[in-house]
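**Student:** Residue numbers (our numbering), protein chains in the order written: chain B, 8 to 329; chain R, 523 to 1456. Cβ atoms here follow ideal geometry from the backbone N, Cα and C, with glycine treated the same way. Questions regarding the structure given below will be posed in turn.
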């Protein structure tokens, strides 16, 4: 297995990075490299140019409400300033060694994954490729054949669920300027396009609302092993308690579809008439129904859906007696 | 020289007895030039010398024939493996570390199709590329090979058809890897795709294009590669049995998951000889296969085993890529190196067979096991590999440790268009053992007897014979069970834990060395040979072909020699890597190395010792009968001041006899029955084990966590307790993977979906339970110093122990492996529906209430314990065969004692009547040679 050759660019500030990005027509950003480089080794859509953000110092801010894209997951998990839910979620990602390299931005922009895609070139040749990496063959989707439009590869990153649950805002930058949007709107329902990033654009940081510190939360994750494995399903819940009453509740899921799921509307209506365990059961069932995984990861989709119900219930367990 | 040759005492050692006992070795002697890094001779360590020869080591099971060779040096002591520092410092050279000047990189073009005819191969574009030195296809190598002489069905590269995705089609070698890959991709192959077979049951049917053609031996027109039938005992008793558990098991295929991917380097040297470096478990078979494939005599080939980064059975076949490297090296005239990617490792596979096993366990009113009935269909993938043997092992290896009334086994192995299955740690025994032990648990539940008691009341005693004629010598089964029962607080916990917490027991039985060598008659050639040479430095070089694959075989052999010669381990040098210098050894499979090689090493060391002792006799004037061999010193038993250093004696011996060399060999004694297949599963000794596992089951998600395991293994004698414990703990980890997570997943189109270490789920350190390794020493009469195997047997019991613990926790009987959370969750849902329960947290938990048989069996177990002890210490020498528990006389053929006693290896139509039995269907076909149409 050989890494395809590419030219590595290492700009030392954001302006240079963005300038470089507008010059090069075919490139990938690399941050920690824990997702991109294994994919390159498998010849999954490699590009001739790679721009490393390792030396760009502007992207490493970390506080209670700001998380820079180049913050290492390990540092986030061990930060005293970061929001506890973000910290808790970060600590479940991959393994210690991967967290040391991997970054927040890289995790947010993680490529979608699929059993028919994350394989070697020889393996993919044996199935006649698939449309996420078709090698100019016009190949079909192998998960759901005969629908050559959307890619159903799964988005298996953890942080997104926590950010959505905390109502975070994501900030992007490109040569054309900066823009920002609610976190959930960053994603696009297609395993190939994945998100709204335009060529030459990158994630700079994520901000949480000013009152984030008044929100508590929990993250529940389904995976076979307690290390390495990507989430097969993940549920983040965040809530705000005032005077013994739930005044805010947000729920988000990840690991089940091509994009993370925002179930906050459902959660908001649930707290209008909150009745502890019953409300939790109802909300969990709602989440299960709202999410439709396909058969392209380790666990079968029916199981993952059912587990969403259990995970949601467990994440909301602290609200059982309210 | 006159009697009374005296040496001046040296400084005293650090080991002093203060308890008034006789001081071992009596005095220290500073012996300059004695060899070894410590200039002073150490006291004899009587804690490790058995009572029978005057030491203090207790021998609850009596003396051993090797006791008189014990010098207290290393046997029984925990010593680090002799090659550990090489590995720890990164200086060990594995397959991929071999670099020769001028090497080329080889790459293999593999089939993208499951099953296809090769219409044409065009290599011209690749040949024209700069930097490409040679290309080979199936045409360059037409000779067949295979690990078993009876089933040679492999070629270096596909001849006319490819049989699975990843099958080898062509290979290239080039100046670097990038060029080799480019050239490989430039080869164009035209295929005609054939309908492929993926489900093992389809392999039982006649096929238009059977995956292999066995000529006149072909079974029907099917893909049945091997079929086995064995019926022994009172089958009517099984039919009448009041207690019975019948289950239909499905177990997934596994890969060994070793760390080091396959790698090979081949080089034809200027003298025209071929050297192949490969991390091989079985270098000798590779040696033979290379000779056959390349059409050159064996003496022109040197097989060099590198350090092996894990094998577990996965590196014990001669492999086609090894042939490819040799062919490319011959064509190009340059050394060629081929390294596998992880995916290629999965494509060559040879892992555990996916299996469908119908297992029936039956018991009678007396609480005896009236029989075990097994129908095992195993999925061999595209090649035979060790499958011939695996097909037997799935049945014959559960004829012990229990005494059974009947044994009814039908087995079949089929070819499918998948990577080939083969031998993997616990070869062939693991899946069916799990099914047997779960059946035993279920049957004891039916009869209201504690499963520990049920087992203890039905064990074969030491020095007995199984129903199919295996000779059991030592067995520590009873002690294993007793120890795990006590240490796990079994009696308090069993059926007493709350929902989701469970405890379970499982046992194991495994061969300690395959009784028959594959390639020759043991009457003519030994299983293992060890040569020793000792030169003026006093150190001893051991030449052995035993393959050190991380299991510690170099250390075991070094320990055996060190013990007999009373030399420190650092004076023993092991040369086990090259076929040029090593005597032939069958290799590291079937858990044979410690048993066979150490026995050969002891013989060789005794021969060398006798030569040196004779010299010491001449120097000291004392007959060897009264001389003691201590640490680098030989002295008079009754006056230790009279003695001679090892080195002096060695020099004298060399002066007298010339070079000091010795040789020892091991052969198995004649044993076993005469029926077809009697040799499969036959071993000079067997290991036994019993584990208790405790689990936490999350009933809402189906996750199982093993929290603790008590693992008792009878290895005969722990030559190196550290290594034995390592094997036990490692086996638990590997077995835990098989029971909970590991599987080769095939997708809907038959593709292997997880040929990588992210998706092939080997358990991590987070999932690893606390394992309490318990060593049981049954003192095998023929084992080296009493030792038996510890490399494979310890894997077996963890699977059923966990399955039975899951039952204890949630009341669900497992019959599918691995028990992944999604599978168990499905079972829990089904179970809840059946019981009309909405919330799995309300599930009832099985509870135990002793029935009338409990007391009876407990009493019988106590009686048997006494019986076994007398047999252990050889006070009771009466013969014992399986059947005595059922009232048979041991010395008369069973068939004469009971009408209807079966001993059959060919089925009757009645035996095949049940259409639900899968392997039985394999017997519905007639071999071509018996059809009269060839």
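What does residue 704 of chain R touch in chain B if you count any residue whose Cβ is under 9 angstroms from its own?
**Tutor:** Here the premise fails: no neighbours, minimum Cβ distance about 10 angstroms.
**Student:** Using alpha carbons as the reference points, say which of R:721, R:950, R:876, R:594 lies closest to residue 917 of chain R.
**Tutor:** R:950
**Student:** Please name the residue, chosen from R:1205, R:1343, R:1189, that lies closest to residue 1263 of chain R on a Cα-to-Cα basis.
**Tutor:** R:1343
**Student:** Mapping the DSSP letters down to three states, classify residue 190 of chain B as helix, strand or coil.
**Tutor:** helix
**Student:** State the DSSP-derived secondary structure class of residue 1014 of chain R, mapped to helix, strand or coil.
**Tutor:** helix
**Student:** Looking at chain R, is there any beta carbon in it that lies within less than 9 angstroms of the beta carbon of residue 95 of chain B?
**Tutor:** no
**Student:** How long is the line joining the alpha carbons of residue 788 of chain R and residue 1101 of chain R, rounded to whole angstroms?
**Tutor:** 14 angstroms
**Student:** Whole-angstrom Cβ separation of residue 766 of chain R and residue 929 of chain R, contact assumed at under 8 angstroms?
**Tutor:** Not really, about 15 angstroms apart at Cβ, beyond 8 angstroms.
**Student:** Buried or exposed: residue 629 of chain R, going by 16 or more other Cβ atoms within 10 Å of its Cβ?
**Tutor:** A buried status is given to residue 629 of chain R, since no fewer than 16 other beta-carbon atoms sit within 10 Å of its beta-carbon.
**Student:** Run through the DSSP bridge pairs and tell me what residue 8 of chain B is partnered with.
**Tutor:** Answer is none; residue 8 of chain B lacks a bridge partner.
**Student:** Chain R partners of residue 136 of chain B, CB-CB under 8 angstroms?
**Tutor:** Near residue 136 of chain B there are no residues of chain R at all, since even the closest Cβ is about 11 angstroms away, more than 8 angstroms.
**Student:** Considering only residues of the region 61-98 of chain B, which uninterrupted beta strand (DSSP E) runs meet the minimum length of 3 residues and lie entirely inside it, listed in chain order?
**Tutor:** Taken in chain order, the complete beta strand (DSSP E) segments of 3 residues or longer contained in the region 61-98 of chain B are 73-75.
**Student:** Quick check: the region 960-974 of chain R against the region 776-794 of chain R, are at least 3 beta-carbon pairs closer than 8 angstroms?
**Tutor:** no
**Student:** Please state whether DSSP places residue 534 of chain R in a helix, a strand or coil.
**Tutor:** Any reading at residue 534 of chain R is ruled out, since the residue's pLDDT is 44, under 50, leaving its predicted position unreliable.
**Student:** Any contact of the region 1375-1386 of chain R with the region 1292-1300 of chain R, i.e. 3+ C-beta pairs under 8 angstroms?
**Tutor:** no
**Student:** Mapping the DSSP letters down to three states, classify residue 996 of chain R as helix, strand or coil.
**Tutor:** coil
**Student:** Specify the secondary structure class of residue 124 of chain B as computed by DSSP and reduced to three states.
**Tutor:** Residue 124 of chain B falls in the coil class under three-state DSSP.
**Student:** With 7 angstroms as the limit, tell me which residues of the region 105-121 of chain B have their beta carbon closer than that to any beta carbon of chain R; keep them in chain order.
**Tutor:** none
**Student:** Would residue 227 of chain B and residue 245 of chain B be called neighbours here (beta carbons separated by less than 9 angstroms)?
**Tutor:** no
**Student:** Could you check how far apart the C-beta atoms of residue 182 of chain B and residue 29 of chain B are, in whole angstroms? I think they sit under 8 angstroms.
**Tutor:** 4 angstroms
**Student:** Determine the burial state of residue 610 of chain R: buried for a count of at least 16 other Cβ atoms within 10 Å of its Cβ, exposed for fewer.
**Tutor:** Around the beta carbon of residue 610 of chain R, a 10 Å sphere encloses fewer than 16 other beta carbons of the protein chains shown; the residue is thus reported as exposed.
**Student:** For the alpha helix (DSSP H) containing residue 861 of chain R, list its first residue and its last residue.
**Tutor:** Taken as a continuous stretch (DSSP letters only), residue 861 of chain R belongs to no alpha helix (DSSP H), being part of the beta strand (DSSP E) at 858-861.
**Student:** Report the three-state DSSP secondary structure of residue 553 of chain R (helix, strand or coil).
**Tutor:** Note that residue 553 of chain R scores 49 on pLDDT, short of 50, meaning its location in the model is unreliable; the coordinates nonetheless yield the value given after this. Note: residue 553 of chain R maps to coil in three-state DSSP.
**Student:** In this structure, what does DSSP give as the bridge partners for residue 932 of chain R?
**Tutor:** R:751, R:897
**Student:** Within 10 angstroms of its Cβ, does residue 209 of chain B collect 16 or more other Cβ (buried), or is it exposed?
**Tutor:** buried
**Student:** Report the residues of the region 294-309 of chain B with a CB closer than 7 angstroms to any CB of chain R, ordered along the chain.
**Tutor:** 305, 306, 307
**Student:** Within 9 angstroms of any Cβ in chain R, is that where the Cβ of residue 291 of chain B sits?
**Tutor:** no
**Student:** Using only CA atoms, which one of R:666, R:709, R:842, R:1338 lies nearest to residue 770 of chain R?
**Tutor:** R:1338
**Student:** Rank B:88, B:87, B:65 by C-alpha distance to the C-alpha of residue 77 of chain B and give the top, closest one.
**Tutor:** B:65
**Student:** Span of the beta strand (DSSP E) holding residue 1399 of chain R?
**Tutor:** It is not in any beta strand (DSSP E) - residue 1399 of chain R carries neither H nor E in the DSSP assignment.
**Student:** Please list the partners that residue 1223 of chain R has in chain B, where partner means a Cβ-to-Cβ separation under 7 angstroms.
**Tutor:** 314, 317
**Student:** Mind checking who residue 1182 of chain R pairs with in its DSSP beta bridge?
**Tutor:** The secondary-structure analysis by DSSP pairs residue 1182 of chain R across a beta bridge with R:1056.
**Student:** Residue 1394 of chain R CB to nearest chain B CB: under 9 angstroms?
**Tutor:** no
**Student:** Distance check for residue 87 of chain B and residue 329 of chain B, CA to CA, integer angstroms please.
**Tutor:** 29 angstroms
**Student:** Compute the Euclidean distance between the alpha carbons of residue 1119 of chain R and residue 1033 of chain R, then round it to the nearest angstrom.
**Tutor:** 15 angstroms
**Student:** How far does the alpha helix (DSSP H) with residue 1384 of chain R in it reach, from first residue to last?
**Tutor:** 1374-1394
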